[in-house]
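For reference, the structure discussed in these notes is given below.
Residue numbers (this note's numbering): 18 to 646.
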């Protein structure tokens with residue numbers, strides 16, 4: 018089950034293959050680089066890996082074993098720092114964060130592991146895995162030798178790598194190599210002192226025997242800034258790349274050793290408002306076969322993408338801010354729900370040309386069920402629920418404060434002030450410095466006025482009287498995870514101006530909706546008085562009755578606009594039906610009860626449909642782009 022292909026190594030000349038035979042008599046375990054014969058060695062024998070990425074943080078713990086059985090190859094494991102240290106100094110490795118349990122399951126399944134602990138991982142994950150509390154330091158330079166970054170990063174690595182050392186292959190575990198940082202050459206800092214420090218820390222906690230490596234994009238600039246002597250340099254690229262040219266570039270930085278594509282892209286990510294990304298199966302399978310024929314080791318990114326539950330999605334910022342959707346399906350060989358696809362079958366057909374694959378049928382898809390419609394009732398608007406959602410009360414400030422300044426790292430905050438004068442005619446409310454991060458839902462005296470959005474909608478008109486209550490609910494849509502803008506603070510980052518007046522004297526409410534949902538505090542009035550839908554940020558609730566089944570399902574919010582959904586205590590993530598392309602949210606069976614009513618909570622940010630129904634289906638809809646704005 019380790020996809021071991023003995024006896025093949027690659028010469029310096031790209032594309033040529035020679036047979037290399039060796040005899041190994043010792044019982045010791047080792048994994049190393051054979052620079053003479055340009056390959057890895059496992060226990061003294063030539064070794065080529067074929068691996069597929071899954072992310073334990075994007076899959077329910079109850080399904081980890083199922084996915085590992087379906088991968089049946091070496092498994093690269095990203096470790097998101099912010100998933101385990103959401104609050105500074107508080108480390109969480111329990112439940113769905115139990116990394117060692119995941120490694121043990123992989124070991125039981127016979128899988129080798131390539132550990133990718135960052136501290137930065139990208140992965141379209143919130144802030145690339147870096148914890149948002151780092152941004153409390155206003156001048157911090159992330160991913161650099163800046164001590165304000167390096168000290169907490171080193172403390173995190175000391176905790177993590179100490180746990181990982183017993184899992185190294187030479188220590189009896191299944192970790193064969195460890196990546197240092199991730200695609201560092203794509204970052205502006207190009208700080209070799211930072212990379213040298215990481216190299217020292219990794220060696221200190223993991224020892225001298227484990228393979229440490231880097232991976233970078235297929236350009237000279239990225240390879241120059243991302244590589245370091247003592248760290249084996251690998252490259253990543255997808256189906257739009259010339260294989261020979263890419264590996265020639267790797268050879269310029271690593272003249273000897275195995276060819277490695279550390280991220281061979283089987284698909285791609287989605288942003289809200291874009292079409293669902295896809296990569297043709299025939300291109301993936303053809304290129305995989307060509308790389309394997311050359312003797313290269315290949316990691317397929319992704320093998321299963323999973324889901325950005327809760328607030329864990331990342332974002333990109335090129336010409337503008339673009340948030341990643343909740344589904345991380347990635348058009349991968351296994352679907353978001355872990356089901357085999359035609360792409361998986363094509364990949365298996367390629368691999369069996371090079372080595373034996375496990376006999377017997379592929380583990381089946383998890384069962385799905387269409388539970389049907391659930392009608393929701395209104396609980397109330399955000400303003401009316403502040404005592405429940407923000408029990409500690411507001412923070413008062415003359416000018417707006419960012420999320421990070423109040424230690425509200427994810428989700429939502431409500432900013433409240435009053436109109437400084439009468440505005441009988443429509444008057445522009447302006448964010449002059451593009452300070453809406455990321456969406457703001459504006460109400461006056463509880464009446465919804467409209468939406469302001471980062472980079473695209475920085476002005477809207479408001480009317481009212483002096484002293485009227487102005488509420489602005491700000492949504493964090495995920496921090497940038499790639500490039501130079503990862504220091505992505507959230508909230509109102511600058512003053513708002515109404516006409517010629519700078520708005521001041523703010524009451525700022527950090528909202529803990531997740532705790533309120535988990536404690537059952539957001540239940541609709543069952544008398545029927547709360548039936549009518551309304552405009553602006555509203556919470557709705559309902560019940561999915563027990564059926565005796567707890568199977569996977571997909572919830573569709575047809576006619577709803579944008580918001581967040583919880584099933585029982587679990588935050589499924591964001592929906593944005595009007596923007597698309599994703600139209601359904603994945604509900605894994607373990608999130609449901611087969612015997613008790615299941616509580617459904619929806620935060621709709623703009624307007625719910627009059628029917629207030631949601632539909633539980635037995636299949637996803639990920640490719641239906643709505644209105645673009």
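All C-beta atoms, glycine included, are put in the ideal place defined by N, C-alpha and C.
| Item | Value |
| --- | --- |
| Alpha-carbon to alpha-carbon, residue 445 and residue 320 | 49 Å |
| Contact under 7 Å by Cβ, residue 572 with residue 633 | yes |
| Cβ-Cβ distance between residue 124 and residue 55 below 7 Å | no |
| Own chain residues within Cβ distance below 6 Å of residue 327, not counting five before or after | 588 |
| Proximity below 7 Å, CB of residue 574 to CB of residue 592 | yes |
| Beta-carbon proximity check, residue 75 vs residue 324, cutoff 7 Å | yes |
| Close beta carbons around residue 43, own chain, < 6 Å, minus the five adjacent residues each side | Residue placement at residue 43 is flagged as unreliable, the pLDDT there being 38, under the threshold of 50; a coordinate-derived value is accordingly withheld. |
| Helix, strand or coil at residue 578 according to DSSP, with G and I counted as helix | coil |
| N-terminal and C-terminal residue of the alpha helix (DSSP H) that residue 238 is part of | 237–243 |
| Residue range of the alpha helix (DSSP H) that includes residue 210 | 209–223 |
| Check whether residue 253 and residue 279 have beta carbons under 7 Å apart | yes |
| For residue 607, the three-state DSSP class (helix, strand or coil) | helix |
| Outcome for residue 457 when other beta-carbon atoms lying within 10 angstroms are tallied against a minimum of 16 | buried |
| Start and end residues, beta strand (DSSP E) containing residue 282 | 277–282 |
| Other residues of its chain near residue 415: CB distance less than 8 Å, five sequence neighbours each side excluded | 521, 522, 523 |
| Inter-residue spacing [alpha-carbon to alpha-carbon] between residue 185 and residue 511 | 48 Å |
| Where residue 38 falls, given that 16 or more other Cβ within 10 Å makes a residue buried | Bear in mind that a pLDDT of 30 at residue 38, under 50, signals an unreliable position, so the number given afterwards is only what the model happens to contain. Residue 38 should be labelled exposed. |
| Among 53, 87, 215, 421, nearest to residue 167 - alpha-carbon criterion | 215 |
| Limits of the beta strand (DSSP E) - the one that residue 63 falls within | 62–64 |
| Distance between residue 453 and residue 545 (C-alpha atoms, nearest Å) | Its pLDDT being 48, under 50, residue 545 is placed unreliably in this model, and the value from its coordinates should be taken loosely. Distance between the alpha carbons of residue 545 and residue 453: 37 Å. |
| Residue 407 versus 150, 179, 200, 525, residue with shortest Cα-Cα distance | 525 |
| Runs of alpha helix (DSSP H) wholly within the stretch 359–406 (minimum 4 residues, chain order) | 359–368, 403–406 |
| 6 Å CB neighbourhood of residue 411 in its chain, flanking five on each side removed | 524, 525, 526 |
| Limits of the beta strand (DSSP E) - the one that residue 250 falls within | 249–254 |
| Closest residue to residue 347 among 640, 367, 469 (Cα-Cα distance) | 640 |
| DSSP state of residue 616 mapped onto helix, strand, coil | strand |
| Distance between residue 329 and residue 505 (C-alpha atoms, nearest Å) | 14 Å |
| Buried versus exposed call for residue 391 [16 or more other C-beta atoms within 10 Å across all chains shown] | buried |
| Neighbour-count burial assignment, residue 623, 16 or more Cβ in a 10 Å radius | buried |
| Exposed unless 16 or more other CB atoms sit within 10 angstroms - verdict on residue 614 | exposed |
| DSSP three-state assignment for residue 300, whether helix, strand or coil | helix |
| Inter-residue CB distance, residue 344 and residue 599 (contact presumed, cutoff 8 Å) | 5 Å |
| Contacting residues, own chain, Cβ-Cβ under 6 Å from residue 476 (five flanking each side not counted) | 445, 447 |
| Residues near residue 159 by beta carbon distance below 7 Å, same chain, minus five either side | 147, 151, 166, 503, 504 |
| CB contact flag (residue 229, residue 197, <7 Å) | yes |
| Straight-line Cα distance separating residue 109 from residue 132 | 18 Å |
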